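Please read the structure below before turning to the comments.
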Amino acid sequence: MAFPSEAPLPLKWSATFQLMHPDEARARNLVGDKIVLPQSALEQLLAAAERVNSDSSSPYRDYQGFQSSSHDQKLPHPLMFRLSNPVTGKTVFAGIQEFSAEESFIGLSPYLAETLGIDQQATLHPANSNSPVDLTQDDDSANPSDNKFAATTFPPIVVHAQQAPKGTFVRLRPLEAGYNSEDWRALLEKQLRARYTTLTKHAVLSFANGTAKYSFLIDQLQPEGHDGICVVDTDLEVDIQPLNEEQAKKTARILSERNSGSEGSSAGGEIDIWKAVDGQVVPGDYVNYQLPSWDHNRPLKIQVSGINSNTSIDLFVSPYSTRHRAPPRSHEHVFGNYEPAKDGTKSITIQPSNVELENADSLLIAVHGYQGPSTSSHSVAFSLRASAVSEPSNSPSSEPTPNSESRGDADEQCKNCQQWIPKRAMLLHENFCRRNNVTCPQCHNVFQKSSEEWANHWHCARDDAFGSSPVSKSKHDTIYHTKYTCEDCKQEFESLPLLAQHRTSVCPSKFILCQFCHLEVPQDGDPANPSAEMILSGLTAHELADGGRTTECHLCDKIVRLRDMQTHMKTHELNKVSRSPPPVCRNRRCGRTRFGVGPRGAVHSFAEPGSVDRLGFCPGCFEPLFATVHDPDGKAMRRRIERRYLTQLIAGCNKASCTNEWCKTGRKNQGLEPKGSKTSEALPMVKPLLEKIWQEDTPMFLCVEDLNQKRWSLAEMLAAENVFGLEWCIAAAEAENGDLDNMRVWLQNWAPRKV
Numbered sequence: 001m002a003f004p005s006e007a008p009l010p011l012k013w014s015a016t017f018q019l020m021h022p023d024e025a026r027a028r029n030l031v032g033d034k035i036v037l038p039q040s041a042l043e044q045l046l047a048a049a050e051r052v053n054s055d056s057s058s059p060y061r062d063y064q065g066f067q068s069s070s071h072d073q074k075l076p077h078p079l080m081f082r083l084s085n086p087v088t089g090k091t092v093f094a095g096i097q098e099f100s101a102e103e104s105f106i107g108l109s110p111y112l113a114e115t116l117g118i119d120q121q122a123t124l125h126p127a128n129s130n131s132p133v134d135l136t137q138d139d140d141s142a143n144p145s146d147n148k149f150a151a152t153t154f155p156p157i158v159v160h161a162q163q164a165p166k167g168t169f170v171r172l173r174p175l176e177a178g179y180n181s182e183d184w185r186a187l188l189e190k191q192l193r194a195r196y197t198t199l200t201k202h203a204v205l206s207f208a209n210g211t212a213k214y215s216f217l218i219d220q221l222q223p224e225g226h227d228g229i230c231v232v233d234t235d236l237e238v239d240i241q242p243l244n245e246e247q248a249k250k251t252a253r254i255l256s257e258r259n260s261g262s263e264g265s266s267a268g269g270e271i272d273i274w275k276a277v278d279g280q281v282v283p284g285d286y287v288n289y290q291l292p293s294w295d296h297n298r299p300l301k302i303q304v305s306g307i308n309s310n311t312s313i314d315l316f317v318s319p320y321s322t323r324h325r326a327p328p329r330s331h332e333h334v335f336g337n338y339e340p341a342k343d344g345t346k347s348i349t350i351q352p353s354n355v356e357l358e359n360a361d362s363l364l365i366a367v368h369g370y371q372g373p374s375t376s377s378h379s380v381a382f383s384l385r386a387s388a389v390s391e392p393s394n395s396p397s398s399e400p401t402p403n404s405e406s407r408g409d410a411d412e413q414c415k416n417c418q419q420w421i422p423k424r425a426m427l428l429h430e431n432f433c434r435r436n437n438v439t440c441p442q443c444h445n446v447f448q449k450s451s452e453e454w455a456n457h458w459h460c461a462r463d464d465a466f467g468s469s470p471v472s473k474s475k476h477d478t479i480y481h482t483k484y485t486c487e488d489c490k491q492e493f494e495s496l497p498l499l500a501q502h503r504t505s506v507c508p509s510k511f512i513l514c515q516f517c518h519l520e521v522p523q524d525g526d527p528a529n530p531s532a533e534m535i536l537s538g539l540t541a542h543e544l545a546d547g548g549r550t551t552e553c554h555l556c557d558k559i560v561r562l563r564d565m566q567t568h569m570k571t572h573e574l575n576k577v578s579r580s581p582p583p584v585c586r587n588r589r590c591g592r593t594r595f596g597v598g599p600r601g602a603v604h605s606f607a608e609p610g611s612v613d614r615l616g617f618c619p620g621c622f623e624p625l626f627a628t629v630h631d632p633d634g635k636a637m638r639r640r641i642e643r644r645y646l647t648q649l650i651a652g653c654n655k656a657s658c659t660n661e662w663c664k665t666g667r668k669n670q671g672l673e674p675k676g677s678k679t680s681e682a683l684p685m686v687k688p689l690l691e692k693i694w695q696e697d698t699p700m701f702l703c704v705e706d707l708n709q710k711r712w713s714l715a716e717m718l719a720a721e722n723v724f725g726l727e728w729c730i731a732a733a734e735a736e737n738g739d740l741d742n743m744r745v746w747l748q749n750w751a752p753r754k755v
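Per full-length UniProt numbering, residue 1 is the first one in the sequence shown, and the count goes up by one each step.
Structural data, given as structure tokens:
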């Protein structure tokens, strides 16, 4: 007996807490909509969940079922709360980070504190700033209550356990003009996935990307009638609209100036290997290009030329594939060139054997305007070119190099500037050279003693880098000798290239295209301790977990894990290779096998025990020839086949689709002359065929119905493609009843390919 299921009762729990010290909240790294509650709150929630399970127990359940349900203390997932500030009357939905706060205290993220109207900076000052301070006492003993100063400076925070519905739609409005959709759409998805459990109507959603900060007003939510929604495990449609018409016009103007204005950065776009593109970039900005195709068998050279200042532009490249989804940036790229430009040019050469290009759909290229302490705000012009280059030759060059070039007896090399000078002028040159020029003992470059380049010439004490300007020294130290922290996993690195390598390789927050859920998601995992299964399978931690889901094999209906499906399908391929071709009907106009086909690609290779010997015919072709008479020597069968042939040649089968050359109608349809219009003429033609009716490997030519004729024609057409054998094409035609598309699918699933 079945009873209607009732909706689960909501979890009833509420409590009041004081706000913990802002410094402690920051130390706990509270981000997004996360809160920290004390351990006692978890115990109270579990007790409340037990009461809900007891109240919702059905009276029709047996004792054992009641016992299991009453002790099953399950909390909702994800666990959500509604926070309220009694002073301001503001409320906000929140998710839980952990239950580790001190008793009676709650920790709020900056987003939650701002939404509730709490200024955490104000708590750094006592409520009564005019009260005297006793400097003779220690900080901890002066006023013990100051350690919990939130009790005297903050209103209490009321927390209710309340589940928000799964969100389907959210409308965001940017609070500032000029946001670029190419920048923040991917960032928004990343922030919601990593940091938020809920969204609250009229709250301000803020996040940063490097130096850029973005703020959005949550204007509308769906399902309607709710002040908050859950964004976990749901398909959320996001719509972003300007705050008002004036902001929309201002945004359009800013983007227009940024993309096409004389002082802004170029718009970027697709490039090819046939011609260069000119552009300009504002210091601190990026111009993004995409190379959709190139010669994968030759080295690819990506070059930026026309650079006025050798430190003004950097070049970054990343492949766009399932393993790399982010556009290249200074802190996140696969190939990069930070070095000073030489003769106004810098380039990156990628070899075709580079493993990073495996399965790359395109190459993402970013031209970055370097922004230093004294960098001008004016845009920098450049020219970008991608081209295929020839492999370097291993044969020795016959042309002499400048250093090996033979010199005559009339020339002599200056020991100061290393130039070759005629001997007759060496004395004058050497006096002038030593008076005006100086050679760096480390890099052996020659400078004028009074030049600015020599005055600012430097060599790095920690590596082999050198330069001749304060900007180049500052840039080198900033890139190679400044510590950087990954903004996602908080791991620290000694230089910017090491950070970029980390973010494009083992960073848990690196975005990939999951081959199982087909979504752009963080790869997850522990970069310092990858599991053996990850290393052996080549899957990321996310794919390893997501691939644990099971599905049904469309060929054998076996339940297989998603990550094992590829191996499982290879077993089907190996099984196909060992399959023998099915025996087909000896009637060359028939599109059936001798013993029939079954479901799931089954092809019968022998007759059932006790069946009649059909002389190599299929059941459909043998049935008109069968007779229940005693015929031990087969003479009656011979006469029936002879009569069938004579009828075809003299009278025909009168079928419009017949193409049988041993039929009057078939020959007429093909525009051929009749073979014999009388018995006396047709009988000698048929006699050689009758002598071989007991040899099952010799063909017969009997007319068949239209559908069978169609199957034969389609099987011949597929066999002409020289991918599958004719026998398998006939089996596919029989299994799919002459449907060409389904025949191709059947062959792909069950038939071995020709070697």
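Backbone N, C-alpha and C fix where the C-beta goes; we use that ideal spot for every residue, glycine too.
Since this is a predicted model, take the numbers as computed values, not measurements.
Go through its chain and collect everything with a Cβ distance to Pro352's Cβ below 7 Å, but skip five positions before and after it. His296, Asn297, Arg298, Pro299
Using a 10 Å radius around the Cβ and a threshold of 16 neighbouring Cβ atoms, would you call Gln448 buried or exposed? exposed
Can you give me the C-alpha to C-alpha distance between Glu24 and Ser104, rounded to a whole angstrom? 15 Å
Could you round the C-beta distance between Val367 and Ile313 to whole angstroms and report it? I think they count as a contact, below 8 Å. 6 Å
Helix, strand or coil at Asn29 according to DSSP, with G and I counted as helix: coil
Have a look at Arg589, Arg600, Arg643, Val629 and flag the residue whose alpha-carbon is nearest the alpha-carbon of Cys618. Arg589
Between the alpha carbons of Thr401 and Cys417, how many angstroms are there, rounded? Caution is warranted here: a pLDDT of 46 is assigned to Thr401, below 50, making its placement in the model unreliable, and no coordinate value can be reported.
Beta carbon of Val170, beta carbon of Leu83: below 9 Å? no
Specify whether the region 30-41 and the region 93-100 touch according to this definition: at least 3 beta carbon pairs, one from each stretch, less than 8 Å apart. yes
Chain-order list of residues whose beta-carbon lies under 6 Å from that of Tyr286 (same chain, five-residue window excluded): Ala366, His368
Bridge-paired residues (DSSP) for Ala208: Lys213
Counting pairs of beta carbons, one from the region 417-426 and one from the region 338-357, are three or more of them closer than 8 Å? no
Based on the DSSP secondary-structure assignment, which residues constitute the bridge partners of Trp458? Gly467
Could you tell me the distance, in whole angstroms, from the CA atom of Val471 to the CA atom of Val380? 16 Å
To the nearest angstrom, how far is it from the Cα of Cys507 to the Cα of Met534? 14 Å
Taking its Cβ as the centre, do 16 or more other Cβ atoms sit within 10 Å of Glu221, making it buried, or is it exposed? First, the amino acid is wrong: residue 221 is Leu here, not Glu. Flag for Leu221 reads buried.
Buried/exposed call for Ile559, threshold 16 Cβ in 10 Å: exposed
Tell me where the alpha helix (DSSP H) around Ala602 begins and ends. Premise fails: Ala602 is in no alpha helix (DSSP H) and is neither H nor E.
DSSP bridge partner residues for Thr16 (one or two, in chain order): Val158
Count the other CB atoms within 10 Å of the CB of Ala203; is the residue buried (16 or more) or exposed (fewer)? buried
May I ask you to report which of helix, strand or coil DSSP gives Pro522? strand
Would you be able to state if there are at least three C-beta pairs under 8 Å between the region 671-685 and the region 621-640? no
Would Arg549 and Phe595 be called neighbours here (beta carbons separated by less than 9 Å)? no
What is the rounded straight-line gap between the Cα of Asn431 and the Cα of Val304? 41 Å
Quick one, are the C-beta atoms of Val686 and Glu642 less than 9 Å apart? yes
Are the beta-carbon atoms belonging to Tyr480 and Ala465 less than 9 Å from one another? yes
Who does Trp420 pair with in a DSSP beta bridge? Gln413
For my contact list, Leu702 and Leu740 are in at a C-beta cut-off of 8 Å; report their separation, rounded to the angstrom. Not quite, the Cβ-Cβ distance comes to about 25 Å (not below 8 Å), so this is no contact.
Presumed contact (8 Å Cβ cut-off) between Thr234 and Lys166, rounded CB distance: 4 Å
To test your reading of the DSSP string, which unbroken beta strand (DSSP E) runs of 3 or more residues are found completely within the region 340-396? 346-350, 362-369, 380-388
To the nearest angstrom, report how far apart Asp631 and Leu555 are at their CA atoms. 45 Å
Please return the same chain residues whose Cβ sits closer than 6 Å to the Cβ of Arg563, not counting the five positions on each side in sequence. Gly547
For Arg561, the residue or residues it bridges with in DSSP: Thr550
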